[in-house]
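Enquirer: Mapping to the numbering used here: the sequence shown position 81 is 316, numbers consecutive. Every residue, glycine too, gets a C-beta built ideally from N, C-alpha and C. Owing to the predicted nature of the structure, the values given are computational and were not obtained by experimental measurement. My structure is below; once you've seen it, I'll send some questions.
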Amino acid sequence: MSARETLQDAPRHAGAAADAAGDGRGAPAALRRVPRFPHAWCLWVPLSQLAVLAVWLAWGWRAGLPALLASHALCVVPVFLPRARLYAPVLSRLPARGRQVWLTIDDGPSDDTGPILDLLDRHGAKATFFLVGERAAARPALVAEIVRRGHGVGNHSQTHPQAWFWALGPRRMRAEVAQAQAVLGALAGRPPHWFRSVVGMTNPFVAAPLRAAGLTRVAWSARGFDAVREDPGAMVAAIERDLAPGAIVLLHEGARHGRSVEMIAALLARLDALGYTAVLPETLDVERTVPAAP
Ligand SMILES: [Zn+2]
Numbered sequence: 236m237s238a239r240e241t242l243q244d245a246p247r248h249a250g251a252a253a254d255a256a257g258d259g260r261g262a263p264a265a266l267r268r269v270p271r272f273p274h275a276w277c278l279w280v281p282l283s284q285l286a287v288l289a290v291w292l293a294w295g296w297r298a299g300l301p302a303l304l305a306s307h308a309l310c311v312v313p314v315f316l317p318r319a320r321l322y323a324p325v326l327s328r329l330p331a332r333g334r335q336v337w338l339t340i341d342d343g344p345s346d347d348t349g350p351i352l353d354l355l356d357r358h359g360a361k362a363t364f365f366l367v368g369e370r371a372a373a374r375p376a377l378v379a380e381i382v383r384r385g386h387g388v389g390n391h392s393q394t395h396p397q398a399w400f401w402a403l404g405p406r407r408m409r410a411e412v413a414q415a416q417a418v419l420g421a422l423a424g425r426p427p428h429w430f431r432s433v434v435g436m437t438n439p440f441v442a443a444p445l446r447a448a449g450l451t452r453v454a455w456s457a458r459g460f461d462a463v464r465e466d467p468g469a470m471v472a473a474i475e476r477d478l479a480p481g482a483i484v485l486l487h488e489g490a491r492h493g494r495s496v497e498m499i500a501a502l503l504a505r506l507d508a509l510g511y512t513a514v515l516p517e518t519l520d521v522e523r524t525v526p527a528a529p
């Protein structure tokens with residue numbers, strides 16, 4: 236089964252042109268998760284604290300204190316859970332029927348981008364590169380090459396503030412998303428429609444800039460910790476445990492250990508052996524497999 240046989244042209248949708256991917260196709264409506272109520276938390280956070288107060292007044296501190304701590308944990312923990320939907324909706328897997336996966340490669344462009352593009356070509360595989368705006372601006376030719384070879388470009392923030400992304404306030408968060416969107420849109424020829432949070436974290440201020448830019452947040456369903464692990468075999472084995480039709484695979488380029496290309500080569504070889512093809516969501520015929528999102 237070749238990649239070409241499993242690919243199907245995605246239907247065009249009204250309004251899709253404005254947020255089409257670098258490959259010229261729009262995001263299938265069924266996969267779009269653009270936040271609709273980015274400020275909903277402004278309502279439920281005070282309401283939850285009123286509920287805690289009511290519990291405290293009714294049953295005293297023995298019930299009120301645990302309720303207070305639980306309500307705070309429920310607000311904080313989802314920030315660090317990439318698939319949590321509390322602060323922004325998220326796409327965590329594709330509704331694929333066959334052995335198709337979506338490779339998502341974060342943190343570029345880098346010295347690895349060219350060799351990775353060659354590898355993908357050799358395997359007939361497609362991937363979405365979640366690029367960092369300032370890195371893309373420094374290496375515009377690599378962005379153009381990603382697009383020329385038919386891959387996708389996603390937004391992975393302007394400066395990749397790894398340590399503090401979870402704690403960014405509304406102004407800085409808006410700048411991180413909007414600046415990268417402008418830079419990548421100009422370099423790729425079209426603004427991205429996918430967004431990957433830095434280190435997968437999503438606080439209350441992520442949803443508003445995503446809505447403004449028409450971006451859908453993308454998490455993952457399979458990862459091998461390739462940015463920190465140095466053994467390609469162990470990394471591939473970890474990903475293989477979570478492989479399934481429609482899996483979204485998290486990968487990185489330019490990792491400090493210098494083995495990102497080797498890691499992706501090992502994964503592509505294993506995907507071939509298992510009969511999986513790496514496709515872009517824009518080419519999945521998802522409209523016929525799941526109902527359109529409301
Ligand atoms: Zn990253």
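(1) Could you tell me the alpha carbon to alpha carbon distance between F460 and C277, rounded to whole angstroms?
(2) Can at least three beta-carbon pairs, one atom from the stretch 428-443 and one from the stretch 393-412, be found at a separation below 8 Å?
(3) Please classify W294 as buried or exposed, where buried requires at least 16 neighbouring CB atoms within 10 angstroms.
(4) Quick check on R328: does DSSP put it in helix, strand or coil?
(5) Are W429 and L450 touching if we call contact CB-CB under 8 Å?
(6) Look up G510 in the DSSP assignment and give the residues it is bridged to.
(7) With DSSP as the reference, label H307 as helix, strand or coil.
(8) Strictly closer than 6 Å from CB to any heavy atom of ligand 1: give me those residues in the order they appear in the chain.
(9) Suppose the cutoff is 8 Å on Cβ atoms and the five residues either side in sequence are ignored; what does the same chain contact list for P350 look like?
(10) Please work out which residues of its chain come closer than 8 Å, Cβ to Cβ, to L352, disregarding the five sequence neighbours upstream and downstream, and give them in chain order.
(11) Output the distance between the C-alpha atoms of V514 and A482, rounded to the nearest integer angstrom.
(12) Using 8 Å as the Cβ pair cut-off and three pairs as the minimum, do the stretch 484-491 and the stretch 455-474 touch?
(13) Could you check the C-alpha separation between R297 and S306 for me, to the nearest Å?
(14) By the three-class DSSP mapping on this structure, what secondary structure does L515 have?
(15) Give the C-beta separation of V418 and A469 to the nearest angstrom, bearing in mind that I take them to be a contact with Cβ-Cβ under 8 Å.
(16) Go ahead and pull the three-state DSSP assignment for L315.
(17) Excluding five sequence neighbours on each side, which residues of the same chain lie with their C-beta closer than 7 Å to the C-beta of V269?
(18) Rounded C-beta distance between L503 and L478? I'm assuming under 8 Å.
(19) Between the Cα of R318 and those of I499, W279, S456, spot the shortest distance and give me the residue it belongs to.
(20) Kindly identify the DSSP beta-bridge partner or partners of N390.
(21) In the DSSP assignment, the beta strand (DSSP E) including W337 goes from what residue to what residue?
(22) In whole angstroms, what separates the C-alpha of A395 from that of D342?
(23) Around the Cβ of R458, are there at least 16 other Cβ atoms within 10 angstroms (buried) or fewer (exposed)?
(24) Looking at the unbroken beta strand (DSSP E) that takes in L485, where does it start and where does it end?
(25) State the Cα-Cα distance for the pair L377 and G299, rounded to the nearest angstrom.
(26) Could you tell me which residues DSSP pairs with V453 in its beta bridges?
Expert: To lay it out plainly:
(1) 35 Å
(2) yes
(3) exposed
(4) strand
(5) yes
(6) Its beta-bridge partners do not exist; DSSP assigns none.
(7) helix
(8) Here the list is D341, D342, H391, H395, V433.
(9) V496
(10) E380, I381, R384, H386
(11) 11 Å
(12) yes
(13) 15 Å
(14) Coil, per DSSP.
(15) Incorrect: roughly 35 Å between the Cβ atoms, too far for contact.
(16) In the sequence as displayed, the identity of residue 315 is Phe instead of Leu. Note: F315 maps to helix in three-state DSSP.
(17) L445, R446, G449, L450, T451
(18) That belief does not hold up - the Cβ atoms of L503 and L478 are roughly 13 Å apart, past 8 Å.
(19) S456
(20) L366, F430
(21) 335-343
(22) In the sequence as presented, Ala is not what sits at residue 395; that position holds His. Spanning the two alpha carbons is a distance of roughly 8 Å.
(23) buried
(24) 483-487
(25) 56 Å
(26) L326
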